[in-house]
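If you read the sequence shown in this note's numbering, its first letter stands for residue 39, the second for the next number, and so on.
For each residue, glycine too, the CB sits at the ideal point set by N, CA and C.
Predicted, not measured: the structure shown is a model, and the values here were computed from it.
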Amino acid sequence: MEKKVILKTSHVGKYFYDPIKFKALDDISFEVYQGEFLTLAGKSGSGKSTLLYILSTMDTDYEGELFIEGKKITGQSKDKLAAIRGENIGFVFQFHYLLPEFSCLKNIMIPAMKLGKKSTEEIEALAYQRLEMLDLKEQALKPASKLSGGQQQRIAIARALINSPKIIMCDEPTGNLDTKNTQIVFDLFKQIAREFGQTIIAVTHDLDFAKASDRTIELADGKIISYGL
Numbered sequence: 039m040e041k042k043v044i045l046k047t048s049h050v051g052k053y054f055y056d057p058i059k060f061k062a063l064d065d066i067s068f069e070v071y072q073g074e075f076l077t078l079a080g081k082s083g084s085g086k087s088t089l090l091y092i093l094s095t096m097d098t099d100y101e102g103e104l105f106i107e108g109k110k111i112t113g114q115s116k117d118k119l120a121a122i123r124g125e126n127i128g129f130v131f132q133f134h135y136l137l138p139e140f141s142c143l144k145n146i147m148i149p150a151m152k153l154g155k156k157s158t159e160e161i162e163a164l165a166y167q168r169l170e171m172l173d174l175k176e177q178a179l180k181p182a183s184k185l186s187g188g189q190q191q192r193i194a195i196a197r198a199l200i201n202s203p204k205i206i207m208c209d210e211p212t213g214n215l216d217t218k219n220t221q222i223v224f225d226l227f228k229q230i231a232r233e234f235g236q237t238i239i240a241v242t243h244d245l246d247f248a249k250a251s252d253r254t255i256e257l258a259d260g261k262i263i264s265y266g267l
């Protein structure tokens, strides 16, 4: 069965101009498939986080083209890009960025409330489903600040899943976690990709994390040096 391409880059390049003109990404072309758990790896300064920012549609100042589900994203208006992100992309960062005074449930509901396509009751029911999947249902009404670091990152993953995005983009998602919680997060990503057919694209410094993913694209000095298998 032929794999479905969910995201594609064509000859993407990126310059920074401060303090001098510098090419951060050089001729980046690759495809990502539906249900794939892909890691972007490389040393600090290799361009992997810069690339993720472009893939996420947050950075529009680049050369080349970006496609999601065969549709050209490059050149779309800011409003259109915001709508594309809201419906297609979930985000997990190294730091969880939860609102500490809000309950875990409310934190998870925020992206769906913002999207405005479902009633509050429907969104709450979905949030409880995500909490159950991540084995955190009993923490639903606790303030996010009362949870451990590992639990907070799992709440951030639940928040990324609330709109059932086709792609989940992660920037060093296990960077602040110990070995046990890193494994929990890794297993969750595997489950999300396998059971729900959602695509994970994760930037990581963790070589063990990268090796255990489906495929690793390695960058050095703004160029792809390995596309993985």
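Item to check | Identity of the residue in Thr77, Asn145, Tyr100, Phe75 nearest Val50 by Cα | outcome: By one-based count along the sequence shown, residue 50 stands at place 12. In terms of CA proximity to Val50, Tyr100 leads the group Thr77, Asn145, Tyr100, Phe75.
Item to check | Whether Gly266 touches Arg253 by CB criterion (8 Å) | outcome: Residue numbering aside, residue 266 sits at position 228 when the sequence shown is read from its first letter. Residue numbering aside, residue 253 sits at position 215 when the sequence shown is read from its first letter. Cβ distance < 8 Å, so Gly266 and Arg253 count as in contact.
Checklist entry - Excluding five sequence neighbours on each side, which residues of the same chain lie with their C-beta closer than 8 Å to the C-beta of Lys86? => result Counting from 1 along the sequence shown, the entry for residue 86 is found at position 48. These residues qualify, in order along the chain: Leu78, Ala79, Gly80, Val241, Leu257.
Checklist entry - Could you give the distance in angstroms between the alpha-carbon of Thr98 and the alpha-carbon of Lys261? => result Reading the sequence shown from its first residue, position 60 is the one you call residue 98. Reading the sequence shown from its first residue, position 223 is the one you call residue 261. Near 19 Å, if we compare the C-alpha coordinates of Lys261 and Thr98.
Item to check | Segments of 3+ residues assigned as beta strand (DSSP E) that fall wholly inside the region 66-97 | outcome: Along the length of the region 66-97, whole beta strand (DSSP E) runs at least 3 residues long occupy 75-79, reported in chain order.
Checklist entry - How should Arg232 be labelled, buried or exposed, when 16 other C-beta atoms within 10 angstroms of its C-beta is the threshold for buried? => result Start at 1 with the first residue of the sequence shown, and residue 232 comes out as number 194. So Arg232 counts as exposed.
Checklist entry - Within this structure, are the beta carbons of Ile205 and Ile92 separated by less than 8 Å? => result Residue numbering aside, residue 205 sits at position 167 when the sequence shown is read from its first letter. Residue numbering aside, residue 92 sits at position 54 when the sequence shown is read from its first letter. No, they are not a contact pair.
Next on the checklist: Could you tell me the alpha carbon to alpha carbon distance between Ala172 and Ala196, rounded to whole angstroms?
Outcome noted: Looking up residue 172 in the sequence shown gives position 134. Looking up residue 196 in the sequence shown gives position 158. The residue you asked about is not Ala; residue 172 is Leu in the sequence shown. Going by the C-alpha atoms only, they are around 7 Å apart.
Checklist entry - Are the Cβ atoms of Ala165 and Ile127 separated by less than 8 Å? => result To locate residue 165, count along the sequence shown from 1; it is residue 127. To locate residue 127, count along the sequence shown from 1; it is residue 89. Their beta carbons are not under 8 Å apart, which means Ala165 does not touch Ile127 by this criterion.
Checklist entry - Alpha carbon to alpha carbon, what distance is there between Pro211 and His243? => result Along the sequence shown, one-based indexing puts residue 243 at 205. Along the sequence shown, one-based indexing puts residue 211 at 173. Roughly 10 Å between the two C-alpha positions.
Item to check | Length of the line joining the Cα atoms of Phe54 and Glu162 | outcome: Here residue 54 refers to the residue found at position 16 of the sequence shown. Here residue 162 refers to the residue found at position 124 of the sequence shown. So the alpha carbons of these two residues sit roughly 42 Å apart.
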